[in-house]
Amino acid sequence: GHGGSKIAQFAGKHLHKYIVKTREFKEGNITEALKKGFMDLDAAMLDDDALKDELAGTTAICILIKDNILYCANVGDSRAIGCENGIVQPLSQDHKPNNDEELRRITAAGGWVEFNRVNGNLALSRALGDFVFKKNEKKDAKEQIVVALPDVTLRKLSTDWEFLVIACDGIWDVMTNEVNLMLLLLLVLFDLLVSLPIDSSYHPSNHRKTQNPLHKPKSNAEVSRIDAHH
2 GHGGSKIAQF AGKHLHKYIV KTREFKEGNI TEALKKGFMD LDAAMLDDDA LKDELAGTTA
62 ICILIKDNIL YCANVGDSRA IGCENGIVQP LSQDHKPNND EELRRITAAG GWVEFNRVNG
122 NLALSRALGD FVFKKNEKKD AKEQIVVALP DVTLRKLSTD WEFLVIACDG IWDVMTNEVN
182 LMLLLLLVLF DLLVSLPIDS SYHPSNHRKT QNPLHKPKSN AEVSRIDAHH
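What follows is the structure, given as structure tokens:
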């Protein structure tokens with residue numbers, strides 16, 4: 002979180018509960034369940050005597066997989082990507098104050114953007130908490146200067162999907178999606194190489210009699226993949 006940890010800790014502990022108890026979730030409308038869960042959690046914190054006066058806030062990003070469909074919901078500038086056959090698949094978009102859609106809402110609610118910050122202060126335009134930016138009584142919760150309404154991205158999964166990366170802006174501010182993915186693929190390759198069995202009897206003169214040291218036995222553990230069948 003930013004400005005303190007209380008909002009982030011509460012959200013991390015309870016966000017999933019607010020999502021799964023929605024009517025939309027029970028009806029199988031996962032996209033709307035995610036949106037309502039985020040908004041309901043934010044409203045509950047605003048009504049909580051221990052949290053409503055907090056100046057802190059937090060980004061939030063979550064992934065839910067159901068019936069081979071991946072749903073990614075996010076507010077703020079934490080980000081998720083997927084790796085499909087070695088290719089980056091963006092799963093979220095950063096909510097920055099200078100984005101056109103965000104800027105229109107901010108100014109319509111009485112706010113402004115200065116130095117790419119909301120009211121010259123907050124470097125993101127959607128968040129849980131940050132209630133000081135949610136006090137316009139003429140606007141509903143989805144129209145405030147800063148809102149908790151997430152964007153939701155859907156992707157159909159297959160066995161070509163290999164892994165996901167979820168990280169905060171501390172990673173993405175210094176690393177592109179593609180560089181992040183390449184580094185992780187290199188780490189996976191390195192892990193595979195160091196886990197290979199080494200046959201000390203290997204020599205070019207008797208390679209037909211010994212196991213190729215670069216051959217990976219089937220008994221060795223494979224790199225974890227997304228299970229696209231559940």
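Those letters in the sequence shown? Residues 2 to 231, by the working numbering. Glycine included, every Cβ here is placed at the ideal spot set by N, Cα and C. Computed from a prediction, not measured in an experiment: that's the story for all the values here.
- Counting only unbroken stretches of 3 or more residues, no beta strand (DSSP E) element lies wholly within the stretch 117–151.
- In this structure, T23 sits away from A12, with a CB-CB distance that is not shorter than 8 Å.
- Taking C-alpha positions only, H17 is separated from R118 by approximately 29 Å.
- Around the CB of K157, fewer than 16 other CB atoms lie within 10 Å, so the residue is classed as exposed.
- Q90 sits in a strand when the DSSP states are folded into three classes.
- DSSP places L104 in the uninterrupted alpha helix (DSSP H) bounded by 101–109.
- Between I31 and M183, the alpha-carbon positions lie close to 31 Å from each other.
- The three-state secondary structure of K27, taken from DSSP, is helix.
- In this chain, the beta strand (DSSP E) harbouring L71 covers 70–76.
- Bounds of the alpha helix (DSSP H) holding K7 are 7–21.
- For G83, the enclosing beta strand (DSSP E) has its first and last residue at 80–85.
- Under the DSSP assignment, W173 falls in the alpha helix (DSSP H) whose first and last residues are 170–173.
- Secondary structure note for L158: it is in no beta strand (DSSP E), with a DSSP letter that is neither H nor E.
- One Cα belongs to G130, the other to F116, and the distance between them is close to 22 Å.
- S93 and L71 have their C-alpha atoms roughly 12 Å apart.
- In this structure I146 is not in contact with G171, their Cβ atoms being roughly 24 Å apart against a cut-off of 8 Å.
- The DSSP-derived three-state label of G112 is coil.
- Closest option to L155, judged by alpha-carbon separation, among I64, D141, G38, P98: I64.
- A57 is a Cβ neighbour of K7, given a cutoff of 8 Å.
- Nearest in C-alpha terms to W162, of all of V153, K140, P91, N122, is P91.
- For a cut-off of 8 Å, the C-beta gap from F39 to A74 is around 7 Å, short enough to register as a contact.
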